[in-house]
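K.L.:
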Amino acid sequence: MTRCLSRWIAAALLWAAMTPAASAETLAATVEQWGLLGSWAVDCAAKPDRDKGALLSYEIRKDGRVMYRRNFGDAKDENEVVSATVSADGLLNVMVYFPSLRQAREFGLAQLKDGSLRAIYNRSERGEYTIRDGKYVATGAPTPPQQRCD
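Numbers 652 to 801, taken from the numbering used here, label the letters of the sequence shown in order.
#1: Would you call serine 674 buried or exposed, if buried means 16 or more other Cβ atoms sit within 10 Å of its Cβ?
#2: Please confirm if the stretch 785-798 is in contact with the stretch 761-777, defined as three or more CB-CB distances below 8 angstroms between the two stretches.
#3: Assign valine 747 to one of three DSSP states: helix, strand, or coil.
#4: What is the DSSP secondary structure of glutamate 683, reduced to helix, strand or coil?
#5: Who are the Cβ neighbours of lysine 701 in its own chain at under 8 angstroms, not counting the five residues just before and after it?
#6: Any idea if threonine 681 is buried or exposed, counting beta-carbon neighbours within 10 angstroms, 16 or more meaning buried?
#7: Could you give the C-beta distance for asparagine 730 and phenylalanine 749, rounded to a whole number, given that I count them as a contact under 8 angstroms?
#8: Where does the unbroken beta strand (DSSP E) through lysine 727 begin, and where does it stop?
#9: Applying the 10 Å Cβ sphere with the 16-neighbour rule, what's the burial state of alanine 770?
#10: Counting C-beta neighbours from all protein chains within 10 Å, is the total for threonine 790 16 or more, i.e. buried, or is it exposed?
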C-alpha cells in the first residue's frame, strides 16, 4: 500500500513539474502559428507615441515565455503573456499580466486579409472593456489595423 502511494506521489510530482513546460510550449506554438510574433504598429514609419501610436512587440524568450513589449516613446514596459487561444472564428484571445497595473488584461486580435491585425476587444479581469466589438468604448471609433513592422 505504501509503495503504491509512493508511486502515485512520484507520478503526481513529475506531472506537476512537466505541466508548466508543456503549457509554455503550447502558448509559444499558438502565438507563433497564428502569426503574432514580431513588432506591430498603426504606422511603422512613425516614432512611437502614446497618443499617435505605440510600437507593440511579441517575442518568445529562450526560457519559452512569451513576452509583450509596449513602446510609447516616453515610456516602455514588458509584460508576460500568460495565455493565448484561437477561437473557432480565428480570433486570437490573449491574456497579459501587467505587474505595474497589478492586473491581467485580455484582448482579442483578428488577422485581416492583408496580413495586418486589429483589436476586437480589450477588457480587464473584472470585465471592464476599453475596446468592444472592434470599437473604442470611450469614443465609438473603430480600432485601426496594425501593420507588421519587422
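C-beta: ideal position from N, C-alpha, C; glycine also.
The structure displayed is predicted, hence computed values, not measured ones.
P.N.:
Based on what the coordinates show:
#1: A caution first: serine 674 carries a pLDDT of 48, below 50, which makes its placement in the model too unreliable to give a value.
#2: Yes: at least three Cβ pairs fall under 8 angstroms.
#3: DSSP places valine 747 within a strand segment (E or B) once states are collapsed to three.
#4: In the structure shown, the three-state DSSP call for glutamate 683 is helix.
#5: Before going on, a small fix: residue 701 reads as arginine here, not lysine. Excluding the 5 residues flanking it on each side, arginine 701 has same chain C-beta neighbours closer than 8 angstroms at Phe723, Gly724, Asp725, Ala726, in chain order.
#6: Flag for threonine 681 reads buried.
#7: The beta carbons of asparagine 730 and phenylalanine 749 sit about 5 angstroms from each other, so the pair counts as a contact at 8 angstroms.
#8: Lysine 727 -> beta strand (DSSP E) spans 727-737.
#9: Answer is buried; the Cβ neighbour count reaches 16.
#10: Threonine 790 should be labelled exposed.
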